[in-house]
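Engineer: Mind having a look at this structure? Questions to follow.
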Ligand code: GTQ
């Protein structure tokens, strides 16, 4: 960085010598770096990419032959953006993985400062316990485990259970505020009964004396049966948004804000034959397809990349790539992004349509 020539010009010997001296004092000349440090528009390393579920499902199931959930603690295949190999990132700001729990297995209790979400892809009988409150998970269900909440997972069913993990790990890592504890026992002691938090906070009421804290939703399970029905009903009376179809955000019912303080989460419906208009956002978005098939067309500068998706595939659109979604069949797609973080920091931007 420090000795890159300014505007391609050669650096004179006396400047070179001066820069060398600066390095020795842990300083560097801004004027040699400004143009690539602060760019007119985002310069993004991550690329739009798709993980074909039918392909990685085999790899994931194979992992059960290689290691037990007990030994692994979390038996997860990390989904790494091809340009961010070894960095545990699906985009610059977010982590994603696919986790497998075999029948009878338990992934032991721990807690950590990164917040996590689960989006169930396959199998019944899997559960997550958050601070001891158990919730069973079905495909399409969305579960949150807030920062520093104790959580363990298990599978009481008879088939493998697979879900996508989404974590704000790269953000937390970048800041440095990383903490983790292991619970002394395999599972956190049973706490509130199943469904307690949904009853307590999910019926447009809340216990007196409790206000919103603006952090994570106290409801940690958002069942697909409810959210899918909501989309279906709304689609009868709501005009399609040209850029998103019908897109709803999961919220914290006590505050009306996003369900998680660092990860925005959405469920969207695209009717058969729908094509969204060109859209550009600073959000880094990871999509998990629940139903349907179609494609995403991404503008890569000089060229266009078309990525075909179908149910259970996972794909990403990093910051600032103009893109359009197209559905060949009615499609429902879950997605998560860093929008809430960017909005809080005043950095969020979007651009609709052509320039
Ligand atoms: O299930 O707690 O994919 O702690 C990565 C880190 C899952 C989890 C991941 C984790 C978990």
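Residue numbers (this note's numbering): 5 to 359. For each residue, glycine too, the CB sits at the ideal point set by N, CA and C.
Which parts of the segment 124-210 are runs of the beta strand (DSSP E), unbroken and 3 residues or longer, counting only runs that do not cross its ends?
Structural biologist: Entirely contained in the segment 124-210, the beta strand (DSSP E) runs reaching 3 residues are, in chain order, 130-134, 137-141, 146-149, 155-159, 165-171, 184-186.
Engineer: So is residue 203 buried or exposed if we call it buried at 16+ other beta carbons inside 10 Å?
Structural biologist: Residue 203 sits at position 199 when you count from the first residue of the chain shown. Under this definition residue 203 is an exposed residue.
Engineer: What residues are listed by DSSP as bridge partners for residue 293?
Structural biologist: Looking up residue 293 in the chain shown gives position 289. Partner(s): 337.
Engineer: What residue from 227, 97, 189, 143 has the CA that sits closest to residue 179's CA?
Structural biologist: As a first step, residue 179 is located in the chain shown; it is residue number 175 there, counting from the start. Nearest of 227, 97, 189, 143 to residue 179, Cα basis: 97.
Engineer: I'd like to confirm something about residue 169: is its beta-carbon nearer than 7 Å to some heavy atom of ligand 1, or not?
Structural biologist: Here residue 169 refers to the residue found at position 165 when the chain shown is read from its first residue. The answer is yes for residue 169.
Engineer: Tell me whether the beta-carbon of residue 322 lies closer than 8 Å to the beta-carbon of residue 51.
Structural biologist: By 1-based counting over the chain shown, the position of residue 322 is 318. By 1-based counting over the chain shown, the position of residue 51 is 47. For residue 322 and residue 51, yes; Cβs fall inside 8 Å.
Engineer: Looking at the strands, I want to know which residues DSSP matches up with residue 283.
Structural biologist: Indexing the chain shown from 1 puts residue 283 at position 279. Answer by DSSP bridge pairing, in chain order: 327, 356.
Engineer: Taking the alpha-carbon of residue 218 as reference, which of 161, 184, 259 has the nearest alpha-carbon?
Structural biologist: Position 214 of the chain shown, counted from the first residue, corresponds to residue 218. For the residues 161, 184, 259, the minimum Cα distance to residue 218 belongs to 259.
Engineer: Return the chain-ordered list of same chain residues with a C-beta closer than 6 Å to the C-beta of residue 170, the five sequence neighbours on each side being excluded.
Structural biologist: Position 166 of the chain shown, counted from the first residue, corresponds to residue 170. Closer than 6 Å at Cβ, skipping near neighbours: 100, 121, 340.
Engineer: Tell me, to the nearest whole angstrom, how far the beta carbon of residue 155 is from that of residue 132; I am working on the premise that it is less than 8 Å.
Structural biologist: Taking the first residue of the chain shown as position 1, residue 155 is located at position 151. Taking the first residue of the chain shown as position 1, residue 132 is located at position 128. About 6 Å separates the two Cβ atoms, so the contact holds.
Engineer: Confirm the yes/no value for this check: CB of residue 335, any heavy atom of ligand 1, distance under 7 Å.
Structural biologist: Taking the chain shown and counting its residues from 1, the one referred to as residue 335 is at position 331. Checking the Cβ of residue 335 against ligand 1 gives no.
Engineer: State yes or no: is the C-beta of residue 3 nearer than 7 Å to some heavy atom of ligand 1?
Structural biologist: It is not possible to answer for residue 3, since the shown part of the chain is limited to 5 through 359.
Engineer: What residue range does the alpha helix (DSSP H) around residue 234 cover?
Structural biologist: If you number the chain shown from 1, residue 234 lands on position 230. Segment 228-239, the alpha helix (DSSP H) holding residue 234.
Engineer: Reducing DSSP to helix, strand and coil, say where residue 46 ends up.
Structural biologist: Here residue 46 is taken as the residue at index 42 of the chain shown, counted from 1. Coil.
Engineer: For the alpha helix (DSSP H) containing residue 349, name the first residue and the last one.
Structural biologist: Indexing the chain shown from 1 puts residue 349 at position 345. Looking at the DSSP string, residue 349 is not in any alpha helix (DSSP H), and its letter there is neither H nor E.
Engineer: Should the segment 327-344 be called in touch with the segment 287-294, which here means at least 3 C-beta pairs below 8 Å?
Structural biologist: Yes, the segment 327-344 touches the segment 287-294.
Engineer: Going by the DSSP bridge assignment, what does residue 245 pair with across the sheet?
Structural biologist: The count along the chain shown starts at 1 and reaches residue 245 at position 241. Answer is 249, bridged to residue 245.
Engineer: Taking the beta carbon of residue 343 as the centre, do at least 16 other beta carbons fall within 10 Å, making it buried, or is it exposed?
Structural biologist: For this step, residue 343 is matched to residue 339 along the chain shown. Buried, because 16 or more other Cβ atoms sit within 10 Å of the Cβ of residue 343.
Engineer: For the beta strand (DSSP E) holding residue 99, just list the boundary residues, first then last.
Structural biologist: As a first step, residue 99 is located in the chain shown; it is residue number 95 there, counting from the start. Unbroken beta strand (DSSP E) run through residue 99: 99-105.
Engineer: Is residue 155 near ligand 1, going by C-beta to nearest heavy atom under 7 Å?
Structural biologist: In the chain shown, the residue the question calls residue 155 occupies position 151. True, at least one ligand heavy atom lies under 7 Å from that Cβ.
Engineer: Judging by CA-CA distance, which residue of 194, 213, 222, 195 is the nearest neighbour of residue 207?
Structural biologist: As a first step, residue 207 must be located in the chain shown, where it is residue number 203. For residue 207, the nearest C-alpha among the options comes from 222.
Engineer: Less than 8 Å between the beta carbons of residue 49 and residue 88, yes or no?
Structural biologist: Here residue 49 refers to the residue found at position 45 when the chain shown is read from its first residue. Here residue 88 refers to the residue found at position 84 when the chain shown is read from its first residue. The answer is yes: Cβ separation under 8 Å.
Engineer: At a cut of 8 Å, does the segment 323-330 reach the segment 273-292 through at least three beta carbon pairs?
Structural biologist: With a cut-off of 8 Å, the segment 273-292 and the segment 323-330 count as touching, because enough Cβ pairs lie within range.
Engineer: So the alpha helix (DSSP H) residue 75 belongs to, where does it begin and stop?
Structural biologist: Translated into the one-based positions of the chain shown, residue 75 becomes position 71. Looking at the DSSP string, the run of the alpha helix (DSSP H) that includes residue 75 is 73-76.
Engineer: If you follow the beta strand (DSSP E) that residue 59 is part of, which residue opens it and which one closes it?
Structural biologist: Position 55 of the chain shown, counted from the first residue, corresponds to residue 59. Residue 59 -> not in any beta strand (DSSP E); alpha helix (DSSP H) instead, spanning 57-70.
Engineer: Out of curiosity, what's the CA-to-CA distance linking residue 127 and residue 224?
Structural biologist: The residue labelled residue 127 in the question sits at position 123 within the chain shown. The residue labelled residue 224 in the question sits at position 220 within the chain shown. Their backbone Cα atoms lie some 19 Å apart in a straight line.
Engineer: Look up residue 53 in the DSSP assignment and say whether it is helix, strand or coil.
Structural biologist: As a position in the chain shown, residue 53 is number 49, starting the count at 1. Of the three classes helix, strand and coil, the one that applies to residue 53 here is strand, per DSSP.
Engineer: Buried or exposed: which applies to residue 193, given that a residue is buried once 16 or more other Cβ atoms fall within 10 Å of its Cβ?
Structural biologist: As a working mapping, residue 193 is identified with position 189 in the chain shown. With fewer than 16 other Cβ atoms within 10 Å, it is exposed.
Engineer: Would residue 152 and residue 115 be called neighbours here (beta carbons separated by less than 8 Å)?
Structural biologist: One-based indexing of the chain shown puts residue 152 at position 148. One-based indexing of the chain shown puts residue 115 at position 111. Contact: yes.
Engineer: Nearest to residue 276 by CA position, among 303, 244, 307, is which residue?
Structural biologist: Position 272 of the chain shown holds residue 276. Of 303, 244, 307, the residue nearest in Cα terms is 244.
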